[in-house]
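Numbering (our numbering), first residue to last: 242 to 772.
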Amino acid sequence: MILVERGPASSHVPAEPARAGEPAPDVLEFPSARRLGWSLKVHYRNDERSRFRRLPGGWLYVASPTGLECFPDLAAIIDNAHFTGLPAALDALEHMRPAAFVAYDEQTEELQFGRSLDGFASLYFGGELPAIVIGESNFVVARRLGPIRFSKADEEAYCKNWSPGPEGSFLEGVTRCFAGVRYLLDVERDAPDRCFAACEYESVAQGLLIHRMREEMLRICATYKTKRLALQLSSGVDSRFVLAALLDGVNQGVLTREQIVCVSVMFSGHDWDESNEARQIANFSGFEWVGVEADEKRAQSALLKSLTAHSPPFPTNFMPLLCMNIAKKVGAQILLSGHGGDEIFCFDSIDVLGHSWMTRFRNLSVLRNLSSSLAPVAYAKAIVGAWLGRRSLFDTRRMLRQLQVPVESIYLHRLGRRLGVASGIGYEALATSAEDFRLFVDAPLFRSSIASFVDPALCQHPSGDNYKAPAFLYMDSVAPGLVEVRTRKVTFGAMMRQRFGGVLFECDAVDGQGAARYGSTAMYRAWRSQF
């Protein structure tokens, strides 16, 4: 836990009371030598998820929803910061995920803060800069600044796109740190500098790809030691990939079969039910499998709980909450998720357009399929895009200007998927919900370094299909036969309207809007009514 306040010393007020069962935070204060009467006050608490380190000439705070015991690389950066120095520690943190950090240099009086590019960790800031408040909850930050006011702009963006603006927090005056961006704020500046965190890329030949992926996933499995693990399992590719990694870990003696349980949500008797495939996948592995029936009573209870989060949830957020409840009952300590598969194994047009002209033209069909236009127009756009490359990405350039990051960032590797996950709010909601259940949460695909050497635009399955080809190649190698269980891509929109319409909200229309915006608008209003 951390809460940072910088401004006139007379403006500081006591921190909010600790929650039941939590110790009161420690407090440090640093008077400013450059602004008379100002000081920086930090409230912090060390626990299993976070650590505060006093350093020569400053301090460093790091937190991760995965917990530090199972994240030795992150814990080592914090423990060694006293010897490596703050700049080196911050550079190393850019490669760690999921995590959030806040650091202070007493000599320069500069604050640096941010959260990793996966978007699981929480971090917000606000205030009349250079006076600033930094915290892990948008509501905590807002309450330090005055009366809570909801953002109309973020409401409109969410009701249209299921997501607020790039740095939207749903509250006026509060900024959500854009995932993967490092913020730097000097005591005499009225705006922070922003720069994208490192996104290294090492080209690896397809023949060596599986070996590298296997090494990396075994390394992640080893960090769990003897912890009881619950994998949120569907019939899709991404959670199946994680299951294959766990199975490989068991076969290599890194894990034991008894410490792993798979949990799935069931919709018995409905077309969107994936439990039969999930059960077959779990049976193949030999892991324990527990299914929870998503009846209306359970769904309603989980939906109401999800409405207490920092931000309005998706209508399907009740599903991971049901899995968390079961995971806790079977004694799990860490909830594993397949999140990260879309970001690592898929790509969008921005990613394709970042390659050489030869690769761009070889992927013309991909660019055409990624377009929302009609076929002839889509093909014409694909040709123009392939010719111009990222020079054609006007909307992306505008977004980068809005974020106030260097325009050269448009050439970052995998920028498209990176911007997509950073704009979303779902992963952060998953992490905060897990903390409420006293569970750690980990997305092994994100925490691994796989993203640094996998480029799906350059990878193809022997069958000729390139849909998540790296994932299928890996599973074919470590768990032959696992991919034989059919993969289903379930769309839950129809399910939510048909079975849970009454559970969600009892209203026929919202401001005369059509069905496309009905769900998001109603969900937003239900969330806001909790505060």
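Heads up, the beta-carbon is just placed ideally off N, CA and C, and yes, glycines get one too.
Rounded separation between residue i and residue j - CA only
i       : j       : result
Pro-249 : Ala-372 : 8 Å
Ser-280 : Thr-762 : 42 Å
Gln-500 : Ser-578 : 16 Å
Gln-353 : Pro-433 : 9 Å
Ala-735 : Val-695 : Here Ala-735 scores only 46 on pLDDT, less than 50, and its place in the model is too uncertain to base an answer on.
Leu-315 : Gly-326 : 15 Å
Phe-678 : Glu-289 : 14 Å
Leu-488 : Lys-538 : 34 Å
Asp-395 : Arg-655 : 26 Å
Tyr-765 : Leu-545 : 13 Å
Pro-388 : Leu-484 : 46 Å
Ala-317 : Met-242 : 19 Å
Arg-423 : Ala-523 : 40 Å
Tyr-708 : Asp-346 : 46 Å
Ala-621 : Trp-598 : 16 Å
Leu-653 : His-511 : 43 Å
Leu-459 : Arg-453 : 10 Å
Arg-430 : Leu-634 : 31 Å
Gln-447 : Arg-247 : 50 Å
Met-716 : Val-618 : 37 Å
Leu-386 : Phe-271 : 20 Å
Arg-390 : Arg-275 : 32 Å
Exposed unless 16 or more other CB atoms sit within 10 angstroms - verdict on residue i
i       : result
Arg-632 : exposed
Val-571 : exposed
Gln-473 : buried
Met-565 : buried
Gln-771 : exposed
Trp-628 : exposed
Trp-300 : buried
Glu-408 : buried
Lys-393 : exposed
Asn-492 : exposed
Leu-449 : exposed
Trp-530 : buried
Trp-768 : buried
Ala-398 : buried
Nearest-angstrom Cβ-Cβ length linking residue i and residue j, presumed shorter than 8 Å
i       : j       : result
Ala-463 : Val-495 : 5 Å
Pro-554 : Ala-670 : 6 Å
Ala-383 : Val-662 : Not a contact, Cβ separation roughly 25 Å.
Leu-358 : His-323 : About 27 Å; that fails the 8 Å criterion.
Pro-306 : Pro-339 : 6 Å
Leu-624 : Thr-637 : Sequence check: residue 624 is Ile here, not Leu. Contact flag wrong, Cβ pair sits at about 19 Å.
Val-719 : Arg-455 : 6 Å
Asp-209 : Glu-369 : What the structure shows of the chain is the stretch from 242 to 772, and residue 209 is not part of that stretch, so it cannot be assessed.
Ala-438 : Gly-308 : Going by Cβ atoms, the distance from Ala-438 to Gly-308 rounds to 21 Å, so no, they are not a contact pair.
Arg-286 : Pro-255 : The pair is not a contact, with the Cβ atoms about 15 Å apart (cut-off 8 Å).
Closest by C-alpha distance to residue i, when choosing among the options
i       : options                            : result
Glu-377 : Leu-548, Leu-544, Ser-552          : Ser-552
Arg-481 : Arg-601, Val-726, Ser-674          : Val-726
Pro-721 : Tyr-424, Gly-298, Ala-486, Met-764 : Ala-486
Ile-451 : Glu-246, Ala-712, Asp-346          : Ala-712
Pro-313 : Tyr-424, Asp-332, Met-337          : Met-337
Phe-681 : Ala-519, Ala-362, Gln-645          : Ala-362
Gln-645 : Glu-263, Gly-367, Cys-436          : Cys-436
Gly-838 : Thr-497, Asp-514, Leu-459          : Only positions 242 to 772 of the chain appear in this structure, which leaves residue 838 out of reach.
Asn-402 : Gly-667, Ser-674, Leu-653          : Gly-667
Leu-686 : Arg-601, Val-374, His-580          : His-580
Ser-252 : Asp-332, Ser-590, Val-374, Ala-675 : Val-374
Neighbourhood of residue i by C-beta, 6 Å cutoff - its chain only, sequence neighbours within 5 removed
i       : result
Asn-379 : Tyr-365, Ser-410, Leu-412, Val-415, His-551
Cys-311 : Thr-464, Tyr-465
Phe-342 : Val-303, Leu-334
Met-560 : Val-506
Ser-689 : Glu-457, Ile-461
Gln-294 : The sequence as given places Arg at residue 294; Gln does not occur at that position. Result list for Arg-294: Leu-301, Ile-319, Ala-322, in chain order.
Val-268 : His-284
Ala-692 : Ile-585
Ile-575 : Lys-468, Leu-470, Phe-681, Asp-683
Leu-277 : none
Check: residue i C-beta below 6 Å from any heavy atom of the ligand ZN
i       : result
Pro-339 : Judged by which ligands are present, the structure shown has none, so any question about the ligand ZN falls away.
Below-7 Å beta-carbon distance, residue i vs any chain B residue
i       : result
Glu-270 : Absent from the structure: chain B. Only one protein chain is present.
8 Å Cβ shell around residue i - same chain, five flanking residues per side excluded
i       : result
Ser-516 : Ser-505, Val-506, Met-507, Phe-508, Ser-509, Gly-532
Ala-535 : Val-506, Met-507, Phe-508, Phe-559, Met-560, Leu-563
Other residues of its chain near residue i: CB distance less than 7 Å, five sequence neighbours each side excluded
i       : result
Ala-543 : Phe-559, Leu-562, Leu-563
Gln-643 : Pro-407
Ser-444 : none
Thr-728 : Ser-476, Gly-477, Val-478
Gly-665 : Gly-360, Ser-404
Thr-549 : Gln-771
Leu-292 : The residue asked about is misnamed: residue 292 is Arg in this sequence, not Leu. Result list for Arg-292: Val-303, Leu-309, Ile-319, in chain order.
Thr-673 : Ser-363, Ala-550, His-551
Pro-328 : none
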